[in-house]
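Everything below concerns the one structure shown next.
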C-alpha cells in the first residue's frame, strides 16, 4: 500500500508539477479567451482603531492585537526585491511616511525603483482610508492632498485608483469629487448592503459606472468595482503564517502532496466568481487587515499558485494591481450599468444597520469639525503674513486632522484610548497653529507700528473652550477695569454681519467698533451653567478650576470684511453713561398670557406658557406661518439578548423601543429679551438643557443643546434624539447632504436599486448628515443644519429627527470589542460624557431655502475667529490697523461661490480652490455658471501664473483629462453633456464654475505690499 501511494504521488508529480527547488514561472500576463485571475497583494492597515496609529506602526500593545505595520512594509519590500514579478499595493501614507523616514538612502533608492517599475503601487494615496459618512468634503480634500503631495514629492507618482475597501457605506462625493476629480480611473470597495450585494451578484452588476453628481453628469462618472464578498481572498487562500488555509505542498519527498487539489480549488473559486462578474477578468484581493507581517508566507504560495494554475491551463493567474485590472476591463470595451446617488445606509444582516456611527462620539466629531475650520483659518493667515519656514506652522494640525478622517476615527468606532490619542494629536496641532494665528494677526494689526511685523509686540489670546463658557482674557481683563481688544477674523469670501457672544464677569460695559463708534450691546445673565458643572469640565480639560465666576454673556453685532478682520474695544462704562442693555427675564410660571412670543425681528416663535412648548414659527418678511414643535426622546439600545444577538453599539443602531422625554422642570421655560437677541431656556430634566436663540437680524432659530451625562442606572443604553415637527405633507420624502455638498433625495422604506425588505424601519431609514436635512411640500420647506456629523431621518411626514448623543452598554460585535460608554474623569471622579452642540432651524416658502442652507452652511463650518488682547493706553485704533481684508476692495466674489483653500506651499506657490455652492436646479438665482477674476481676487497680490490642477494638486488638469478613461454606459443613446467651466485663459485668468464644480489652482505670485497701510 505504501509503495503504491508513493508511486501515485510520483506519477502526479511527473504529470502535473515539479518539486519545490525549481524556480517558479510567474511571468505570465493576461491571456485572451481565459478567465484571468488578477491576484492583488495588499494589507489593510487601519490608521488607529483597537490600538493607536503609533502602536499599530511599531507593534506595541500586542495584547490587544498582534499587528506591526513596520514589519509589514519591511517584509513586503524584501519580498519584492527578491522577485521582480511580484507586486504589492499600499494605501495609507500615514504609515508609509513613518517607515520611509527611518530608512537608509540606499534602501530608499531601491524602493523608488520598485515604485517606478510598478512592482509597488500607491493606491488611493491619502494619509488614511477615510470615512465617507461622517467627514466634511474639505477634510476629505485636505487629507488626500497631503498624501498625494508626499507621493509626488518623493516618488513622482500620481495615484490613479481609489481603494475604499473598508468604510461602512459610500458617499456620492466619494464617487465624483474624491474619484473623478482626482484623475482616478476606477474605485473599488467591499461594503454594501447585504440585499444590494445579493441582487448585484444575481444580475452581474457588481461593476458599474458610478455617477455621483446630478450636476456634473459624465465628468462625475467613475468605473466602480464592488467585491463579491469582503476584501479578503476566497476561502482557503489566506496565507498569513498563522492562518489555516492549506499551503500548496509540491515537494514529492514530503507527505501531503496536494498540488492538483489546490489547483482544482483555485479553478473552482475562480469560475464561481466569474459567474457573478462581467468579462473574463476577476480580481482576488490577496490580503486583509494587517497581513504580510511575514510576506514570504504569502508570496511563496502565490508564486506556486500562478505557476501550477497556469500550467494546468483552465484559467490564467497573474500578479496584478487595481490599475492593471482597470486597464484590462477597459480594453474589453463593454457597456456598464449606471449607478447614481450613494450606497447608504449599509447593513450586513437584517437587524444590523451601521447607522449608529453617524452620531457615535459626538464630542470628538465636534472637535474634528472645529479643528478643521481652524486649520483653514491658520493657512489663510499664514499666507497673508508670509510663510516663515522657521516659525510655527500648521504641519502638526494637518497630520492630526488627516488621520482623524480615518474610517475608525471621526466615525467614532475606535476604542476609548485611541479616541483620546486622536484628540491629543489634534490638541498638539492646535497649540502650534494657535501660535501661528496669534502672531499673524499681530503682524497684520501692527503694520503701522515702528516695531514692524517682523517683531510684533501684541500678544493675542484665543478661547478654544468657549463652548464650556470659559474665556480667561475676557473675564480677567474686564474684571480689572481695563479695556479688552477683540479682533474678529472672517475666513469666508463674503462680508458677515453676525452676533458675537463673549463670557464676562462684570456689567456696565460699552463696546466700540473699528471706527471708534459706540455700538449697541446686550448682557444676558447666565442661567444655564451651574458653577459645579462648569468647574468640572474646565478642570477636566485644563487640569485646574477656573478663577472667578461667570455672570453674563456680552452680545454685540459685528461686521467683518471678507477674508479679514474687524477690531472692537470693550470697556467699563462710566457710572453715568450708557452701557450694555441687561436682558429682561421672563418666566412662563404664572404668566397671564396663554402664548409667549419671542423674537425682535422678522422671525417670531410662539410658545405655550403653560406647557413651555414651541407651537408656531412666523416670518413676517417671507409671510411664512407654520405650526412647529420641537421635542426630545430616546431609543433604548437593544442589548442583543433576544433571538438575534445583535446589540446597538458603536457601529450598529438597533433600537428597542422609543420613549418621549417629558419636561420635568418646575419652570417650563425662561425667556431673556433684549435689543439684539432673545433666548428661551428650557431644562427638560437634570441631563438635558436647551437654549433657543432668535437674533434680531436673522431669520433662523439657533438651538444650543447640552445633553448628559445620559443616565444608565436602569441598565439600558440610550440614544438621544430631537424631533422638529410640522404639518408639511412630505410623502415619505426628505433630503440629506453628502459630505456637505450635494443633497440626495431619500424616500422612507425605499431603495432605488432594489426592492427593499424592511426589517429595521427606524435604523434602516437613518442617513449621515454633515451639513443639513430638509423636507418640503407644495408650499413650504423645513431645513435643519448641524454643526457636526449626526445621523438623522424623517420617520414621520413633516418631521425631521436627529440623533444627538449615544451611551450604550453592550458591544455590537463588529470588532471594536468595547462598549460605547464615554466618561470624563477628574481626580478619581468620573461622569458620563456631557456634550454641547447646535442646530439651526428655518422654514421658508418652497424653493427659497437653498440660499440659506448654502450660505449659512459655510458660516457654520467657518465660524468667526476671536482673538483678545489688553488695550495698552487708549490709542489702539490709531496705532494699529483696525480692519483688514485679504480680498481686493474693488472686487466681490459671486454669491454662489466660496474660496475653500488659500495656502502658501513650501515651494512658494499658492494653492487656491474655488467651489460652486449650488447644484443644478437647486436655486432659481444661483444655480448658474459663476465667474471669478483671479487677477482681482486678492488684495496687494500680483498673480504671475495660474496653473489649473487636479483636486489634490498633484498633476495639471489638462494632463489628467487627456489620459482619463471614458467608460460606456448601458441604456444611453448619447453621451451626457459635460457640464463644466471652460479652460482658463492664461492672460485674462477668468475662472468659470458650473454648479457643484470645484477648481484647484497652483498660483505663482508677488506680494506688492505684504502689510497694507
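Residue numbers (UniProt numbering): 1 to 1013.
Heads up, the beta-carbon is just placed ideally off N, CA and C, and yes, glycines get one too.
None of these values were measured; they are calculated from a predicted model.
Asked	Found
Using beta-carbon positions only, say whether residue 798 and residue 726 come within less than 7 Å of one another.	yes
Secondary structure at residue 653, three-state DSSP: helix, strand or coil?	coil
Less than 8 Å between the CB atoms is what I'm expecting for residue 149 and residue 907, so what's the real figure, rounded?	Incorrect: roughly 10 Å between the Cβ atoms, too far for contact.
Exposed or buried, which one is residue 27 when buried takes at least 16 other CB atoms within 10 Å?	exposed
Give a yes or no on contact between the stretch 34-52 and the stretch 63-79, applying the rule of three or more CB pairs nearer than 8 Å.	yes
What did DSSP end up calling residue 848 once you bin it into helix, strand or coil?	coil
What residue range is occupied by the uninterrupted beta strand (DSSP E) comprising residue 424?	Element bounds for residue 424: not the beta strand (DSSP E) but the alpha helix (DSSP H), 416-445.
Going by other Cβ atoms of all chains shown within 10 Å of its Cβ, with 16 needed for buried, is residue 452 buried or exposed?	Annotation note: pLDDT 46 at residue 452 (below 50); position unreliable, no value reported.
Can you have a look at residue 996 and say buried or exposed, based on whether 16 or more other CB atoms are within 10 angstroms of its CB?	buried
The alpha helix (DSSP H) with residue 323 in it runs from where to where?	322-331
Please report how far the alpha carbon of residue 708 lies from the alpha carbon of residue 690, in whole angstroms.	12 Å
Which residues in the same chain have their Cβ closer than 7 Å to the Cβ of residue 29, if we skip the five residues on either side of it in sequence?	318
DSSP three-state call for residue 296: helix, strand or coil?	helix
Does the contact criterion of 3 or more C-beta pairs under 8 Å hold for the stretch 919-928 versus the stretch 864-871?	no
Rounded to whole angstroms, what's the CA-CA distance from residue 531 to residue 177? Just pull it up for me.	With a pLDDT of only 49 at residue 531, under the threshold of 50, the placement of this residue in the model should not be trusted; the figure read from the coordinates follows. Near 47 Å, if we compare the C-alpha coordinates of residue 177 and residue 531.
For the candidate residues 801, 804, 820, 803, whose alpha-carbon lies nearest to that of residue 810?	820
Please name the residue or residues paired with residue 912 in a DSSP beta bridge.	902, 1001
Report all residues from its chain with a CB closer than 6 Å to the CB of residue 1044; omit the five preceding and five following residues, and keep chain order.	Any question about residue 1044 goes unanswered here, given that the chain covers just 1 to 1013.
Quick check on DSSP: helix, strand or coil for residue 477?	helix
Is there contact between the stretch 320-327 and the stretch 258-272, where contact requires at least three CB pairs shorter than 8 Å?	no
How should residue 562 be labelled, buried or exposed, when 16 other C-beta atoms within 10 angstroms of its C-beta is the threshold for buried?	buried
Out of 579, 604, 615, state which residue places its alpha-carbon closest to the alpha-carbon of residue 594.	615
Could you tell me whether the stretch 354-368 touches the stretch 401-420, where touching means 3 or more Cβ pairs closer than 8 Å?	yes
Contact check, residue 990 vs residue 933 under 8 Å by CB: the rounded distance?	5 Å
Here's a check: name, in chain order, each residue in its chain whose Cβ is nearer than 7 Å to the Cβ of residue 2, leaving out the five neighbours to either side.	Low confidence applies here, because residue 2 scores a pLDDT of 46, under 50, leaving its location unreliable and the question unanswered by this model.
Using C-beta distances below 6 Å, list every residue in its chain close to residue 685, excluding the 5 sequence neighbours before and after it, in chain order.	664
Can you tell me which of the three DSSP states residue 170 falls into?	strand
Assuming residue 850 and residue 215 are in contact, meaning their beta carbons sit under 8 Å apart, how far apart are those beta carbons, in whole angstroms?	About 13 Å separates the two Cβ atoms, so there is no contact after all.
Roughly how many angstroms separate the alpha carbons of residue 454 and residue 426, rounded to a whole number?	Note that residue 454 has pLDDT 49, beneath the 50 cutoff, so the model's placement of it is unreliable and the number below is only indicative. Distance between the alpha carbons of residue 454 and residue 426 is about 28 Å.
My guess is that residue 768 and residue 794 are in contact by the Cβ rule of under 8 Å, so how many angstroms apart are they, rounded?	Actually they do not touch by this definition, with Cβ atoms about 14 Å apart.
Where does residue 371 land, buried or exposed, given buried means 16+ other C-beta within 10 angstroms?	buried
Can you give me the C-alpha to C-alpha distance between residue 388 and residue 279, rounded to a whole angstrom?	55 Å
Would you give the residue range spanned by the alpha helix (DSSP H) that residue 371 belongs to?	362-385
Verify the CB distance criterion: does residue 151 have a CB-CB separation below 7 Å to chain D?	Absence of chain D from the displayed structure is noted, only one protein chain being present.
Bridge partners of residue 1007, per DSSP?	941
Assuming the contact rule is C-beta atoms closer than 8 Å, residue 195 and residue 757 should be a hit. Round their C-beta distance to whole Å, please.	6 Å
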